[in-house]
Amino acid sequence: MVTLHFDFKDVFRAGRLGFSPKKMWMQFVGLGVGLVLYTIFGYVAFLLSGWDIGEIWTSYRLWPFPLYADLTWYSVILVAVGALLLLITNLLANTAVAKVTFEQLRGDEFYEIQEALRFVRRHWRVVLLSPLALLLFMAVLVIFCGLIPGAFLWIPFAGEWLTALAAIPLFAVFLFVVYLGIIFIVSLIMGPAIVATTESDTFDSIFELFSVVNDQPWRLVVYEVILAGIVWVAVYVLGAFVIGSLRLFSWAVTVWPFAADKAEAIIARAMWYLPYCPAIERLEWLPGVARSIEAFGPTRYAASPGWSWEIAALLGGIALYVVLLFVVSYGVAIASAGETLIYLVLYKKK
Numbered sequence: 018m019v020t021l022h023f024d025f026k027d028v029f030r031a032g033r034l035g036f037s038p039k040k041m042w043m044q045f046v047g048l049g050v051g052l053v054l055y056t057i058f059g060y061v062a063f064l065l066s067g068w069d070i071g072e073i074w075t076s077y078r079l080w081p082f083p084l085y086a087d088l089t090w091y092s093v094i095l096v097a098v099g100a101l102l103l104l105i106t107n108l109l110a111n112t113a114v115a116k117v118t119f120e121q122l123r124g125d126e127f128y129e130i131q132e133a134l135r136f137v138r139r140h141w142r143v144v145l146l147s148p149l150a151l152l153l154f155m156a157v158l159v160i161f162c163g164l165i166p167g168a169f170l171w172i173p174f175a176g177e178w179l180t181a182l183a184a185i186p187l188f189a190v191f192l193f194v195v196y197l198g199i200i201f202i203v204s205l206i207m208g209p210a211i212v213a214t215t216e217s218d219t220f221d222s223i224f225e226l227f228s229v230v231n232d233q234p235w236r237l238v239v240y241e242v243i244l245a246g247i248v249w250v251a252v253y254v255l256g257a258f259v260i261g262s263l264r265l266f267s268w269a270v271t272v273w274p275f276a277a278d279k280a281e282a283i284i285a286r287a288m289w290y291l292p293y294c295p296a297i298e299r300l301e302w303l304p305g306v307a308r309s310i311e312a313f314g315p316t317r318y319a320a321s322p323g324w325s326w327e328i329a330a331l332l333g334g335i336a337l338y339v340v341l342l343f344v345v346s347y348g349v350a351i352a353s354a355g356e357t358l359i360y361l362v363l364y365k366k367k
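Okay, so the sequence shown: first residue is 18 according to the working numbering, each after it adds one.
Now the structure itself:
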C-alpha cells in the first residue's frame, strides 16, 4: 500500500504513476477509438456540406475540424456528435485508468485491464450521467428564466416594471448557473476519478463534486495547476525523446548513398499525412520534410514515383500517428492518475 502525505506533494507522484504501459495503453485505445469515430462523423459532415473528399483530405488529413470551414447547420451537428463521442471514449478510458491507479495506491500492483474494463461497464452510466445531469439542469434554468422576462412584457402596462423587478432574482439565478458551469467543468475533469474511488451513483457523484468545489476551492485550483505543469513537462520530455529517436531513425535510413534520396522522399510523404500543427512543424529538420509541407500539395503529391512508394509513405504516416497518440496518451494518463491523487487528498482534507 502506498503511503500518501495527503498534501500537494502527492500530486507530484502523477508523473510516475502515469508512466505505466497498462495505463498508457488504455488511454491510447480511448483516444484512438474516439478519433476514429470523430473522423467518420467529420468526413460525413464535410461531404454533406458539398466538400469533395480529396479536398477534405488535402486540407485536414484524418481529422477534419470545422474552423474557418463553411458548413451547414446539420454538418456542424454531426461534427459536434463526433466530438461528443471522442469525449465519451476518453471519459471512460480515464475512469479505467483512475481505477487502476486507485487499486495501485491500495497495494494491488497487478490490477488487470480486464478488471478495470469490467468496472467501467458497471459504472459508465454514472460517469456520463453526472455531467449530463448538470448540463440539463443548467439548460432548464437558462431557458426557463430567460422566458420569464419575455412573458412579462406581454402584460399591458405592468409588464415593463414586472420585468425590471424580476431582474435581481434572475441575476441570482444566472449567477448560480455560472457556478453550475464550474461544477460541470470539474465533473469532466475529476468525475472519472470520483467514480473510480467511491463507486458512487449519480447523485453521490454530483454531491462529491459540489463538496470538493465548495470545501476545498483553493486547494483544488493549486493542485490542478501543479498537475497541469507536470503534464506539460512530462509530455515535453517524452516528445523530446521521440524527436531524438526520429532524428536517429532518419539518419540511419539515409546513411547509405544509394538509399538516401528514396528514404528522404518516403519520410517527406509520411510527414505529409500528419495534420498541420506547430508542434509537428518542429520535425521539419528531417530530410525532405521542410520541402514536403509546402511542396507536396495535391499536384505534387499526385506525381508519385510508384505505388510501392505510396504504400511505404502510408505505412510511415500511420506509424507517425501512432507515435503522436503515444505521446498524447502519456499526458492523459498522467492527468487521470493525478486527478485520482487530487481527489483522495481533498477527500481526506474535508
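Where is the CB? At the ideal position from N, CA and C, for every residue including glycine.
For the pair Gly47 and Thr106, the CB atoms are nearer than the 8 Å cut-off. In this structure the stretch 207 to 227 does not touch the stretch 329 to 345; the number of beta carbon pairs closer than 8 Å is below three. Judged by beta-carbon spacing, Val28 lies beyond the 8 Å limit of Leu205, meaning their Cβ atoms are not closer than that value. Here the stretch 286 to 293 makes contact with the stretch 329 to 342; the two share three or more CB pairs at distances below 8 Å. Its chain contains Ala113 as the residues whose beta carbon lies nearer than 7 Å to that of Leu134, once the 5 sequence neighbours on both sides are disregarded; these appear in chain order. By the neighbour-count criterion, in which a residue is buried when 16 or more other Cβ atoms sit within 10 angstroms of its Cβ, Leu109 is buried.
The alpha-carbon of Pro81 is positioned some 16 Å away from that of Trp90. If you draw a straight line from the Cα of Arg142 to the Cα of Thr219, it is about 8 Å long. Non-local beta-carbon contacts of Leu54 in its own chain, meaning distances under 8 Å to residues more than five positions away in sequence, involve Gly99, Leu102, Leu103, Thr106 in chain order. For Asp221, the uninterrupted alpha helix (DSSP H) segment begins and ends at 219 to 232.
Taking 8 Å as the upper bound for CB-CB distance, Leu358 and Arg30 are in contact here, some 6 Å apart. Closest in C-alpha terms to Leu237, from the list Leu64, Ile200, Thr271, comes Ile200. An exposed status is given to Gln131, since fewer than 16 other beta-carbon atoms sit within 10 Å of its beta-carbon. When only Cα atoms are considered, Leu122 and Ser262 end up about 33 Å apart. In the DSSP assignment, Thr20 falls outside any alpha helix (DSSP H) and carries neither an H nor an E. For Tyr55, the enclosing alpha helix (DSSP H) starts and ends at 38 to 65. Per DSSP, the unbroken alpha helix (DSSP H) holding Gly99 starts and ends at 90 to 122. The residue from Ser267, Ile247, Tyr253, Tyr338 with its alpha-carbon nearest to that of Leu291 is Tyr338.
Nearest C-alpha to Asp87 among Thr75, Trp74, Gly71, Ala62: Ala62.
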